[in-house]
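**Q**
Protein chains: 2
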Amino acid sequence: MSDTREQILEQIKVQGDLVRQLKAAKESKEKTAPSGGGRVSSSGVPAQRQQQQQPQKQQQAQVQQQQHEQLHQIDEEVARLLALKATLGGDAAPTNQKFTLKTPKGTRDYGPQQMTLRQGVLDKIVQVFKRHGGEAIDTPVFELKEVLTGKYGEDSKLIYDLKDQGGEILSMRYDLTVPLARYLAMNKISSIKRYHIAKVYRRDNPAMTKGRYREFYQCDFDIAGTYDPMLPDAECVKIVSEILDTLDIGDYVIKLNHRQLLDGMFQACGVPADSFRTICSAVDKLDKSPWADVRKEMVDEKGLDEAAADRIGEYVRLSGGAELVEQLLANEKLKAVPNAVKGLEGMKQLLKYCSIFGLDKRVSFDLSLARGLDYYTGVIYEGVLKGESATVASPAKTSQQNGEQANEPATVGSVAGGGRYDNLVGMFDPRGKAVPCVGVSIGVERIFSVLEARAAASGLKLRTSDVEVYVASAHKGLHEQRLKVLNLLWDAGVKAEHSYKLNPKLLVQLQHCEEHQIPLVVVLGDAELAQGLVKLREVTTREETNVKLEDLAAEIRRRQQASA
Amino acid sequence: MSDTREQILEQIKVQGDLVRQLKAAKESKEKTAPSGGGRVSSSGVPAQRQQQQQPQKQQQAQVQQQQHEQLHQIDEEVARLLALKATLGGDAAPTNQKFTLKTPKGTRDYGPQQMTLRQGVLDKIVQVFKRHGGEAIDTPVFELKEVLTGKYGEDSKLIYDLKDQGGEILSMRYDLTVPLARYLAMNKISSIKRYHIAKVYRRDNPAMTKGRYREFYQCDFDIAGTYDPMLPDAECVKIVSEILDTLDIGDYVIKLNHRQLLDGMFQACGVPADSFRTICSAVDKLDKSPWADVRKEMVDEKGLDEAAADRIGEYVRLSGGAELVEQLLANEKLKAVPNAVKGLEGMKQLLKYCSIFGLDKRVSFDLSLARGLDYYTGVIYEGVLKGESATVASPAKTSQQNGEQANEPATVGSVAGGGRYDNLVGMFDPRGKAVPCVGVSIGVERIFSVLEARAAASGLKLRTSDVEVYVASAHKGLHEQRLKVLNLLWDAGVKAEHSYKLNPKLLVQLQHCEEHQIPLVVVLGDAELAQGLVKLREVTTREETNVKLEDLAAEIRRRQQASA
Chain A
1 MSDTREQILE
11 QIKVQGDLVR
21 QLKAAKESKE
31 KTAPSGGGRV
41 SSSGVPAQRQ
51 QQQQPQKQQQ
61 AQVQQQQHEQ
71 LHQIDEEVAR
81 LLALKATLGG
91 DAAPTNQKFT
101 LKTPKGTRDY
111 GPQQMTLRQG
121 VLDKIVQVFK
131 RHGGEAIDTP
141 VFELKEVLTG
151 KYGEDSKLIY
161 DLKDQGGEIL
171 SMRYDLTVPL
181 ARYLAMNKIS
191 SIKRYHIAKV
201 YRRDNPAMTK
211 GRYREFYQCD
221 FDIAGTYDPM
231 LPDAECVKIV
241 SEILDTLDIG
251 DYVIKLNHRQ
261 LLDGMFQACG
271 VPADSFRTIC
281 SAVDKLDKSP
291 WADVRKEMVD
301 EKGLDEAAAD
311 RIGEYVRLSG
321 GAELVEQLLA
331 NEKLKAVPNA
341 VKGLEGMKQL
351 LKYCSIFGLD
361 KRVSFDLSLA
371 RGLDYYTGVI
381 YEGVLKGESA
391 TVASPAKTSQ
401 QNGEQANEPA
411 TVGSVAGGGR
421 YDNLVGMFDP
431 RGKAVPCVGV
441 SIGVERIFSV
451 LEARAAASGL
461 KLRTSDVEVY
471 VASAHKGLHE
481 QRLKVLNLLW
491 DAGVKAEHSY
501 KLNPKLLVQL
511 QHCEEHQIPL
521 VVVLGDAELA
531 QGLVKLREVT
541 TREETNVKLE
551 DLAAEIRRRQ
561 QASA
Chain B
1 MSDTREQILE
11 QIKVQGDLVR
21 QLKAAKESKE
31 KTAPSGGGRV
41 SSSGVPAQRQ
51 QQQQPQKQQQ
61 AQVQQQQHEQ
71 LHQIDEEVAR
81 LLALKATLGG
91 DAAPTNQKFT
101 LKTPKGTRDY
111 GPQQMTLRQG
121 VLDKIVQVFK
131 RHGGEAIDTP
141 VFELKEVLTG
151 KYGEDSKLIY
161 DLKDQGGEIL
171 SMRYDLTVPL
181 ARYLAMNKIS
191 SIKRYHIAKV
201 YRRDNPAMTK
211 GRYREFYQCD
221 FDIAGTYDPM
231 LPDAECVKIV
241 SEILDTLDIG
251 DYVIKLNHRQ
261 LLDGMFQACG
271 VPADSFRTIC
281 SAVDKLDKSP
291 WADVRKEMVD
301 EKGLDEAAAD
311 RIGEYVRLSG
321 GAELVEQLLA
331 NEKLKAVPNA
341 VKGLEGMKQL
351 LKYCSIFGLD
361 KRVSFDLSLA
371 RGLDYYTGVI
381 YEGVLKGESA
391 TVASPAKTSQ
401 QNGEQANEPA
411 TVGSVAGGGR
421 YDNLVGMFDP
431 RGKAVPCVGV
441 SIGVERIFSV
451 LEARAAASGL
461 KLRTSDVEVY
471 VASAHKGLHE
481 QRLKVLNLLW
491 DAGVKAEHSY
501 KLNPKLLVQL
511 QHCEEHQIPL
521 VVVLGDAELA
531 QGLVKLREVT
541 TREETNVKLE
551 DLAAEIRRRQ
561 QASA
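If you read the protein sequences in the order shown, they are chains A and B.
Following UniProt numbering, the numbering of the first sequence begins with 1 at its first residue and continues without gaps.
Following UniProt numbering, the numbering of the second sequence begins with 1 at its first residue and continues without gaps.
#1: Just to make sure I have the definition right: I need the residues of chain B whose C-beta is within less than 9 Å of the C-beta of Tyr308 of chain A. Which are they?
#2: Skipping 5 residues on each side, what residues in its chain have a beta carbon closer than 8 Å to that of Leu148 of chain B?
#3: Which chain A residues are close to Trp490 of chain B, counting only those with a beta carbon under 8 Å from its beta carbon?
#4: So, are the CB atoms of Gly413 of chain A and Val240 of chain A less than 8 Å apart?
#5: Mind checking Gly532 of chain A: buried by the 16 CB within 10 Å criterion, or exposed?
#6: Note down, in chain order, each residue of its chain lying with its Cβ closer than 7 Å to the Cβ of Ser281 of chain A, except the 5 sequence neighbours on either side.
#7: Let's test the definition: count the other Cβ atoms within 10 Å of the Cβ of Asp300 of chain A and tell me whether it reaches 16, buried, or not, exposed.
#8: Quick check on residue 608 of chain A: does DSSP put it in helix, strand or coil?
#9: Quick one, are the C-beta atoms of Val415 of chain A and Leu244 of chain A less than 8 Å apart?
#10: Starting from Ile192 of chain A, trace the beta strand (DSSP E) in both directions and tell me its first and last residue.
#11: Taking C-beta to C-beta, are Leu488 of chain B and Leu162 of chain A nearer than 8 Å?
#12: Alpha carbon to alpha carbon, how far is Ile249 of chain A from Lys386 of chain A? Give it in angstroms, no decimals.
#13: Please classify Gln561 of chain A: is it buried, with 16 or more other beta-carbons within 10 angstroms of its beta-carbon, or exposed?
#14: Comparing alpha-carbon positions, which option in A:Arg537, A:Glu514, A:Val237 and A:Ser465 lies nearest Glu135 of chain B?
#15: For the alpha helix (DSSP H) containing Tyr353 of chain B, list its first residue and its last residue.
#16: At what residues does the alpha helix (DSSP H) containing Leu373 of chain B begin and finish?
#17: Residues in the same chain with beta-carbon distance under 6 Å from Arg311 of chain A, minus the five sequence neighbours each way, listed in chain order, please.
#18: Would you call the region 325 to 340 of chain B and the region 293 to 309 of chain B touching, i.e. three or more CB-CB distances under 8 Å?
#19: Run the CB neighbour count on His258 of chain A, radius 10 Å, all protein chains shown included, and call it buried at 16 or more, exposed below.
#20: With 8 Å set as the bound, which would you pick, yes or no: does the beta-carbon of Gly493 of chain A sit closer than that to a beta-carbon of chain B?
#21: What's the C-alpha gap between residue 566 of chain A and Met427 of chain A?
#22: Taking contact to mean at least 3 C-beta pairs separated by less than 8 Å, is the region 273 to 280 of chain B in contact with the region 518 to 529 of chain A?
#23: Which same chain residues, not among the five before or five after Tyr110 of chain B, have their C-beta less than 8 Å away from its C-beta?
#24: Between Ile125 of chain B and chain A, is any beta-carbon pair separated by less than 8 Å?
#25: Quick one: grab the DSSP three-state call for Gly432 of chain A.
#26: Over what stretch of residues does the beta strand (DSSP E) that includes Ile243 of chain B continue unbroken?
#27: Would DSSP call Arg362 of chain B helix, strand or coil?
#28: Counting only beta-carbon atoms, is Asp109 of chain B nearer than 8 Å to chain A?
#29: In whole angstroms, what is the alpha-carbon distance linking Lys348 of chain A and Ser563 of chain B?
#30: Answer with yes or no whether the minimum CB distance from Gln119 of chain B to chain A is below 8 Å.
#31: Is the Cβ of Gln165 of chain A closer than 8 Å to any Cβ of chain B?
#32: Residues in the region 444 to 468 of chain B with C-beta within 8 Å of chain A's C-beta atoms, listed in sequence order?
#33: Please determine, among A:Pro436, A:Leu424, A:Lys302 and A:Ile169, the residue with the shortest C-alpha to C-alpha distance to Ile223 of chain A.
#34: Distance, Cα to Cα, Ile125 of chain B vs Pro229 of chain A?
#35: Give the straight-line distance between the Cα atoms of Gly225 of chain B and Lys461 of chain A, rounded to the nearest whole angstrom.
#36: Which first and last residues belong to the alpha helix (DSSP H) in which Ala273 of chain A is found?
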């Protein structure tokens, strides 16, 4: 077998050289070819611009024919090469160049630096959730398609479906709220205070430079149960402020509004009842588009009366605090609409509780806040970063991969949002039994983007491993001794690593420690080992002490405690 | 609007009553109907058993006709009801009874109890990974389909594909190893020690009673880089043993084998080179099937010569330690095959390092270990639980939902596995540049199942929230005072909650604390508040002390430290 294998490997080498020569020959011809030769696809179809250059047609046809033959020969020889490699089975690596190596559009990998930052953010968020008594749950990443159907209004088109491979028809979760509602209805749970941190999926056109992705984490906290008005709602607002405070990502405001007030306002402005939802989606765009564009959408696309649109325009420019609630409660048009009055009374109570929670300067009652999702029925809110601190990282590499413009001015707005949805659980219950809910979702991807930009600007490198001690050889032939010392340290719970080379150079080992900010090195040498000793070295000071092997783990613990 | 709305709600109520009456009438008729009536589907098609009962055919036809008309009427009235509800827009909950409320086949929700257990397990595993210098990464849950193609051999049919909705063709990740290889090749990383904890997807026929699912967590640790033989490999075996020790889930053995030895053995037994992979898949089934079945598969399905199969049978029953390696190195047939000798030399070195790591009693060189995946090229290993401790939970509810037999005898075998795969990264590199890798995957779902069974047997209930203090009202009218005290506690970092009712009964509040094992209660009352005091009560001892409001947070911290 070994001889045969060697022979095959030699044949692969020869065949590989042949393919490379053919490709090189083709390339050099293309460079000297008169025109149109640079963009011939592998199927032999010429590039579009050829059709615009009639005079050169004949010459091109000749070039094309040559190229076609050449490609055919290359293909044949490549196939021969692959066949040879295949005979080696799993031991050979058939090179796979047929597709660009990338993550799916709108997604990204997290490397160790990003994961360290991310884990720090999530830990802080979980701390806040737990401070408010949150319990964790998890649900599958996909659901029966029917579970998601009819829950997201105009956004439903962004749901990822799985291929029908026989069996159930599935879709990827679009948020964590609908799966929570399904979970509560399915298990007949009538009250819970839960948090859920997981990825959700939206076939949006992602602006990754703005921290928007097709796959992204949501961190949700929801309070389900039949309770007195605004008590759970106000706590959700408090949670948003605690999280944004603890993450220290800059000044922010939490905008508040109420779906019942919006409906009442639409009614007061003369919007027909069956257009409330679609007009609400238009208002939702006010955080990204100017009023003129939104008005145009209402009138031109959604057929709203111009006068009604202008009346909406008057309201949605209003924002303020408790005084604005009083002003609107006195407004003749709104006063006449029970939904508007109910919404305003709710806002009054919410603002009162927020005031007790010390949030007067953090919250803003804002009539332009609408939020896109269909399922909200009461309070809605959104945490928004203010000003320059909201500039995010624009990772040039990732953007280019996905054909986007790098370095475009990038700002993040909303970093948290949520509201009350009292009817969603009932949609899943066979008897329509409702479980009122209110919740908040933290936009962690945008928060990561802000913090990544800040880390990049500061040039600070996070430590991505927790290794406390590196075990090094001072000279050759000590790898088994290293393993013995490592085993002793691991069994004592010390975080330790070494080179996986039998005989690494001491300088290389010490450099590794400096690069990776590992604080301590154990240096092994025959002279010390003969006396049952090892050298313990502080990486920053380069100070060395001899330590008895049996005292090593305890000595390391002692130093860690001293430096902590 | 409000009047209109009230009117619609009234109409909905009337219409809803009508539908309920019709359904009740249908049900009572079905109960008295002679036969075949109990299993009429909503489409009006009778149940299968009717076809077997010819004599009653006419009577049944009549019943059927009645039922058909009845169903039609019900459908019409339900449609009317839904239309009425639709006029209310998002504010009404159209009850959605058209599908069974369940999670997709082979998946499950994790409730707070399960999440608490799970988080405890994952934390311990991460601790071990970090002790060995692991860095975390994360990759998208789906990949370009081409990334997964050709990596899993016979298992490829189990990959979940996403629907083609325009754009890229995507598949759900099948494991975390291929995405790691793609990540390394794409970012030209030639060495890393990374861990990754995430869900993977396999369209398998799940045996959920055995802790096997279609969506499940993997916890992977991999060492990538060009290093000296067996040093990283042995560390992976050590990591498996540390994890199984720290989780304390019962006695286990780590089986070891080597793909090169398997190939050499197949060659020595007379298996043709192009059948190595498929015969290896057959051997892989030895942990679940007896030799006779595996032999049958080799001979009948895979066309292997009977004599060759019998020779394989001789080898795969062997297991042992360093002495078995020596014995096989002296074996005439194996000695003649270079691959076998290389594999055996590797095993010798690995067993030596495992011995230094104190694993002599934990590892077993086992020639029946094959592992299914195509990409392994060197050492392979598998951690297996022994004996009775390996019985797992059989959650009756979940099983029934998915039409499986509950209470079937359930045992878990493999709880960790992995090996060396030196060519996988090269498959993604345009120049085929290899990055040798070795890694291990912890089968956490099976470990959860074992621990859940143990928790269920012990009757022990885990605390699912971390709340330290409950803020209670002794009498009515104190909800704003509660919010003030809560705000003070939260701002001091104390984990605290209260009832979301304005005026909850004191007894109900105290019961909540006992049920949820909350250690402390702050009881508010007008008499104490007037003096700037609150009552602090220990839930277990029922001991109460008056504490000044401004000292409350500090006093709670003091008690926590005392009880810790």
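Where a beta carbon is used, it is the ideal one built from N, C-alpha and C, also for glycine.
**A** Put simply:
#1: Taking the first sequence and counting its residues from 1, one reaches residue 308 of chain A at position 308. First, the amino acid is wrong: residue 308 of chain A is Ala here, not Tyr. In chain order: nothing, as chain B lies at least about 14 Å away.
#2: Stepping through the second sequence from its first residue, residue 148 of chain B is reached at position 148. Around Leu148 of chain B: Ser156, Ile159, Ser171, Arg173, Tyr174 and Val178.
#3: Locating residue 490 of chain B in the second sequence gives position 490, counting from the first residue. For Trp490 of chain B, the C-beta contacts it makes with chain A under 8 Å involve Arg131, His132, Lys238 and Glu242, in order along the chain.
#4: As a position in the first sequence, residue 413 of chain A is number 413, starting the count at 1. As a position in the first sequence, residue 240 of chain A is number 240, starting the count at 1. The answer is no: Cβ separation not under 8 Å.
#5: Walking along the first sequence from the start, residue 532 of chain A turns up at place 532. The C-beta of Gly532 of chain A has fewer than 16 other C-beta atoms within 10 Å across all chains shown, which makes the residue exposed.
#6: Looking up residue 281 of chain A in the first sequence gives position 281. Only Gly153, Glu154 and Gly372 meet the Cβ criterion.
#7: The count along the first sequence starts at 1 and reaches residue 300 of chain A at position 300. Exposure of Asp300 of chain A is indicated by the presence of fewer than 16 other C-beta atoms within 10 angstroms of its C-beta.
#8: What is shown of chain A runs 1 to 564, which leaves residue 608 of chain A out entirely.
#9: Along the first sequence, read from residue 1 onward, the residue named residue 415 of chain A stands at position 415. Along the first sequence, read from residue 1 onward, the residue named residue 244 of chain A stands at position 244. Cβ distance < 8 Å, so Val415 of chain A and Leu244 of chain A count as in contact.
#10: Position 192 of the first sequence, counting from 1, holds the residue named residue 192 of chain A. Note, Ile192 of chain A: beta strand (DSSP E), Ile192 to Tyr201.
#11: The residue given as residue 488 of chain B occupies position 488 in the second sequence. The residue given as residue 162 of chain A occupies position 162 in the first sequence. Contact flag unset, no.
#12: Working through the first sequence from its first residue, we reach residue 386 of chain A at position 386. Working through the first sequence from its first residue, we reach residue 249 of chain A at position 249. Each residue's alpha carbon lies about 10 Å from the other.
#13: Here residue 561 of chain A refers to the residue found at position 561 when the first sequence is read from its first residue. The residue is exposed, with fewer than 16 neighbouring Cβ atoms inside 10 Å.
#14: The sequence position of residue 135 of chain B within the second sequence is 135, counting from 1. Of A:Arg537, A:Glu514, A:Val237 and A:Ser465, the residue nearest in Cα terms is A:Ser465.
#15: For the purposes of this step, residue 353 of chain B is taken as residue 353 along the second sequence, with counting starting at 1. From DSSP, the alpha helix (DSSP H) with Tyr353 of chain B extends over Pro338 to Ile356.
#16: In the second sequence, counting from the first residue as 1, residue 373 of chain B sits at position 373. For Leu373 of chain B, there is no enclosing alpha helix (DSSP H), as DSSP marks it with neither H nor E.
#17: Here the question's residue 311 of chain A lines up with position 311 in the first sequence. Answer for Arg311 of chain A: Cys269, listed in chain order.
#18: Counting Cβ pairs under 8 Å, fewer than three are found: no touch.
#19: Here residue 258 of chain A is taken as the residue at index 258 of the first sequence, counted from 1. Around the beta carbon of His258 of chain A, 16 or more other beta carbons sit within 10 angstroms, so the residue counts as buried.
#20: Here the question's residue 493 of chain A lines up with position 493 in the first sequence. Using a Cβ-Cβ cut-off of 8 Å, Gly493 of chain A counts as an interface residue toward chain B, since at least one Cβ of chain B sits closer than that to its own.
#21: Any question about residue 566 of chain A goes unanswered here, given that chain A covers just 1 to 564.
#22: By the C-beta criterion, the region 273 to 280 of chain B is judged not to be in contact with the region 518 to 529 of chain A, since fewer than 3 inter-stretch pairs fall below 8 Å.
#23: Within the second sequence, the letter at position 110 stands for residue 110 of chain B. Counting only residues of its own chain and dropping the five nearest sequence neighbours on each side, Tyr110 of chain B has a CB closer than 8 Å to the CB of Arg118.
#24: One-based indexing of the second sequence puts residue 125 of chain B at position 125. For Ile125 of chain B, the answer is no, since every Cβ of chain A falls outside 8 Å of its Cβ.
#25: For the purposes of this step, residue 432 of chain A is taken as residue 432 along the first sequence, with counting starting at 1. For Gly432 of chain A, the secondary structure class from DSSP, reduced to helix, strand or coil, is coil.
#26: Along the second sequence, one-based indexing puts residue 243 of chain B at 243. Taken as a continuous stretch (DSSP letters only), Ile243 of chain B belongs to no beta strand (DSSP E), being part of the alpha helix (DSSP H) at Leu231 to Leu247.
#27: Along the second sequence, one-based indexing puts residue 362 of chain B at 362. Under the three-state reduction of DSSP, Arg362 of chain B is assigned to coil, being neither helix nor strand.
#28: For the purposes of this step, residue 109 of chain B is identified with residue 109 of the second sequence, where counting begins at 1. Taking Cβ atoms only, chain A reaches closer than 8 Å to Asp109 of chain B, which makes this a yes.
#29: On the first sequence, position 348 is the one that residue 348 of chain A refers to. On the second sequence, position 563 is the one that residue 563 of chain B refers to. Spanning the alpha carbons of Lys348 of chain A and Ser563 of chain B requires a straight line of approximately 42 Å.
#30: What you label residue 119 of chain B is simply residue 119 of the second sequence in a count that begins at 1. Closer than 8 Å to some Cβ of chain A, the Cβ of Gln119 of chain B qualifies, so yes.
#31: Here residue 165 of chain A corresponds to residue number 165 of the first sequence, with the count starting at 1. Yes, because at least one Cβ of chain B sits closer than 8 Å to the Cβ of Gln165 of chain A.
#32: The residues in question are Thr464, Ser465, Asp466 and Val467.
#33: In the first sequence, residue 223 of chain A corresponds to position 223, counting from 1. Ile223 of chain A has its Cα closest to that of A:Pro436, out of A:Pro436, A:Leu424, A:Lys302 and A:Ile169.
#34: Mapped onto the second sequence, residue 125 of chain B falls at position 125. Mapped onto the first sequence, residue 229 of chain A falls at position 229. Straight-line Cα distance between these residues: approximately 43 Å.
#35: Along the second sequence, one-based indexing puts residue 225 of chain B at 225. Along the first sequence, one-based indexing puts residue 461 of chain A at 461. For Gly225 of chain B and Lys461 of chain A, the distance between alpha carbons rounds to 23 Å.
#36: Position 273 of the first sequence holds residue 273 of chain A. Boundaries cannot be given for Ala273 of chain A, as no alpha helix (DSSP H) includes it and DSSP labels it neither H nor E.
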